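Everything in the sequence shown is counted per our numbering, starting at 703 for the first residue and increasing by one. Notes follow the structure.
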Amino acid sequence: MSDRDFRLSKDVMPVRYGLRIEVDLDDWRFSAAEQIDVRVQRAVATVALHAIDLEIRSAAAVVAGKTLAATVTFNTEAETAILQFPEPLPAGNARLDIQFNGTI
């Protein structure tokens, strides 16, 4: 695999992150809710995020007050999660809302 495979598209750039993590030390697991404010440079129907050993419970984009639920697939070789939206996210500001679990 080349270094290029680990680079994310510059079509969607993060502006601000908000993250809430709940840790379960008895089971060595965590659950988290993340909001990522992004700037979409050009309309895109997919967004790739780095995601190693995460279970994504839900993902959506909020654009102009409209929520678009994403279908999530994983590229294990590139260690990414691919969010596929039912319609392209338009250029401009958006927010990604992601709920996920993982192992500590």
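Glycine included, C-beta positions come from ideal geometry on N, C-alpha and C. Here the structure is a predicted model, which means the values were calculated and not measured.
| Item | Value |
| --- | --- |
| D805 - partner residues in DSSP beta bridges | Per the sequence presented here, residue 805 reads as Thr, with Asp not at that position. Its beta-bridge partners are R731. |
| Own chain, CB closer than 6 Å to D761, minus 5 neighbours either side, in chain order | The residue you asked about is not Asp; residue 761 is Ala in the sequence shown. A772, V774, L785 and I800. |
| Strand pairing of L770, partner residues [DSSP] | A763 |
| Environment of L721 [buried if 16+ CB atoms lie within 10 Å] | exposed |
| Beta-carbon proximity list for T782, same chain, < 8 Å, skipping 5 on both sides | L710, A750, L751, H752, A753 and F776 |
| Beta-carbon gap between F732 and G804 smaller than 7 Å | yes |
| V717 burial status per 10 Å Cβ neighbour count (16 or more: buried) | exposed |
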